[in-house]
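Enquirer:
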Amino acid sequence: MMRPRHRQFGSEKVPAPRRAGGLRAGAAPSTPSAVEHRQPGPGAGNSALGQLAGLFADEPELIPAFFESSDPSAPADNERALAAAFEAAAANPDHADLHYFTAWAALRLGKLSEAEVLLQHALELNPHYIDALILSAKVAQASNDPNHAITLLNRAIAAGADYPDVYVMLASQWHACGEAGRARQSYTRSLELNPTLPEARTGLASLATSGPSGGAR
Numbered sequence: 026m027m028r029p030r031h032r033q034f035g036s037e038k039v040p041a042p043r044r045a046g047g048l049r050a051g052a053a054p055s056t057p058s059a060v061e062h063r064q065p066g067p068g069a070g071n072s073a074l075g076q077l078a079g080l081f082a083d084e085p086e087l088i089p090a091f092f093e094s095s096d097p098s099a100p101a102d103n104e105r106a107l108a109a110a111f112e113a114a115a116a117n118p119d120h121a122d123l124h125y126f127t128a129w130a131a132l133r134l135g136k137l138s139e140a141e142v143l144l145q146h147a148l149e150l151n152p153h154y155i156d157a158l159i160l161s162a163k164v165a166q167a168s169n170d171p172n173h174a175i176t177l178l179n180r181a182i183a184a185g186a187d188y189p190d191v192y193v194m195l196a197s198q199w200h201a202c203g204e205a206g207r208a209r210q211s212y213t214r215s216l217e218l219n220p221t222l223p224e225a226r227t228g229l230a231s232l233a234t235s236g237p238s239g240g241a242r
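Quick note on the numbering used here: the sequence shown kicks off at 26 and runs consecutively.
Put into structure tokens, the structure is as follows:
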């Protein structure tokens, strides 16, 4: 089955986080110790920030839900929510999902280095965490590091992310590296999975008009 399409946030596409009960094959479940012994964070119970951190520790899926329902005219609310998510993640170092969702929020607010650290930790807990690999590739893309993005996307594909939108992203990164031949292969694979995907069709057409193609090594 196709993975849910990416949502558009400003100029960067960010993988839509999983909802409760909607884990994809290959994505990391919460570790048993994290489920049984989640800590609310040092400030829980005596501050609004600590209480929010406790909620996020119990239900990491609330992090994207909070951001998606927040008032765009009140950016300070998002900063406070991110601070609470950071606190929850710091208090629960064995909870891969919590680190993933916190990284999602950090990337949404443009905090690339923080997102990268969180995702590295999630991948230490589960090297085959597909969503974390894809989001890590988004961070690398936003950091203008296409070679690292390619490595991460290939790891995601090897872990089971045989998704058309992943191949579109991979193609764009190959193209950024001057590898038009490999970009074409990735766009072609995307269209094999979804023949009507507009991003793949547009990308493939752009390669045909961009001059001589690079060899697929």
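Here a beta-carbon is modelled for each residue, glycine too, at the ideal position from N, C-alpha and C.
1. To the nearest angstrom, how far is the alpha carbon of A128 from that of V164?
2. Report the residue from A90, K136, Y125 and I159 whose alpha carbon sits nearest the alpha carbon of L144.
3. Spatial neighbours of Y212 within its chain, please: C-beta separation below 6 Å, excluding the five flanking residues on both sides.
4. In angstroms with no decimal places, state the Cα-to-Cα distance between G185 and P97.
5. Determine the DSSP secondary structure at P171, reduced to helix, strand or coil.
6. Can you round the beta-carbon distance between L218 and P189 to whole angstroms, since I take them to be within the 8 Å contact cut?
7. Of the choices E149, N179, G203 and A106, whose alpha-carbon is the least far from that of A73?
8. Please go through the same chain and pick out, in chain order, the residues whose beta-carbon is closer than 8 Å to the beta-carbon of P100, but skip the five residues on each side of it.
Expert: The structure says:
1. Rounded to the nearest angstrom, the two C-alpha atoms are 9 Å apart.
2. Here the closest residue by C-alpha is Y125.
3. Cβ within range, chain order: A196, A225, G228 and L229.
4. Roughly 35 Å separates the two Cα atoms.
5. Three-state result, P171: helix.
6. Correct: roughly 4 Å between the Cβ atoms.
7. For the residues E149, N179, G203 and A106, the minimum Cα distance to A73 belongs to A106.
8. Excluding positions up to five away in sequence, the list is empty.
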